[in-house]
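Comments concern the structure below.
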Amino acid sequence: MNTRGLRSQLKDSVPVAGVGSYVSYGVQDTLRTGFTSVKNEILPGHPLELSEKNFQVNQEKMTLATVRNIQGLHAPLKLQMEFRAARQIQRLPFLTSSNLALDTLRGSDESIGFEDVLNDPAQSEMMGEPHMMMEYQLGLL
Numbered sequence: 002m003n004t005r006g007l008r009s010q011l012k013d014s015v016p017v018a019g020v021g022s023y024v025s026y027g028v029q030d031t032l033r034t035g036f037t038s039v040k041n042e043i044l045p046g047h048p049l050e051l052s053e054k055n056f057q058v059n060q061e062k063m064t065l066a067t068v069r070n071i072q073g074l075h076a077p078l079k080l081q082m083e084f085r086a087a088r089q090i091q092r093l094p095f096l097t098s099s100n101l102a103l104d105t106l107r108g109s110d111e112s113i114g115f116e117d118v119l120n121d122p123a124q125s126e127m128m129g130e131p132h133m134m135m136e137y138q139l140g141l142l
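Residue 129 in the working numbering is what sits at position 128 of the sequence shown, and the numbering runs on without skipping anything.
Next up, the structure:
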C-alpha cells in the first residue's frame with residue numbers, strides 16, 4: 002500500500018469538530034481558537050502562568066508528600082487508588098459528569114470556583130445523539 006498517497010488524502014480532509022484547530026488546507030479555525038500571534042506562541046504571557054496551570058497537580062503532590070510524612074507510605078498509595086477509582090466513575094458519553102466523588106476526595110466539594118459559576122467551555126450543555134455516541138465509545142462506528 003502506498004503510504005504517501007494515503008497521507009496526502011488525510012492531510013486535505015476536514016477533521017471532526019473538536020479534534021483539531023486546523024480545518025482543511027492548513028487554515029486555522031479562528032472562530033474556535035481565537036486570534037493568534039507569533040509572540041504568544043514563543044513567550045508565556047506571564048511568569049506565573051505556568052505555575053497557575055499546574056496548581057492542582059502541585060497541590061496534590063504536596064498533599065501526598067505531607068500525608069506520607071505523617072502517616073507513612075501506605076497512606077498516599079491508598080489515596081491514589083481512591084482518586085483513580087473516582088476518576089473512572091462516569092456517566093453515559095452524552096451526559097457530562099459532575100465528578101462529585103473526586104471533588105469530595107480532594108476536599109473541593111464545598112468551595113465555589115470559576116468553573117462552578119461560568120462553567121468550563123469544554124463542558125457546554127450540548128446534547129449529542131445518544132445512540133451514535135454509545136456506538137462510537139464501543140467501537141461499533
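The C-beta atom is built at its ideal place from N, Cα and C for all residues, glycine as well.
Judged by DSSP secondary structure, Y137 falls within the alpha helix (DSSP H) whose first and last residues are 131–139. Annotation for F95: no alpha helix (DSSP H) segment contains it, and DSSP assigns it neither H nor E. Contact annotation: L101 and F84 have beta-carbon atoms that are not nearer than 9 angstroms. Taken through DSSP and simplified to helix, strand or coil, Q91 comes out as coil. With a threshold of 16 other beta carbon atoms within 10 Å, P48 falls short and is exposed.
With a contact defined as Cβ atoms closer than 8 angstroms, A87 and L106 qualify at about 6 angstroms.
Taken in chain order, the complete alpha helix (DSSP H) segments of 4 or more residues contained in the stretch 31–71 are 31–34, 39–43, 50–54.
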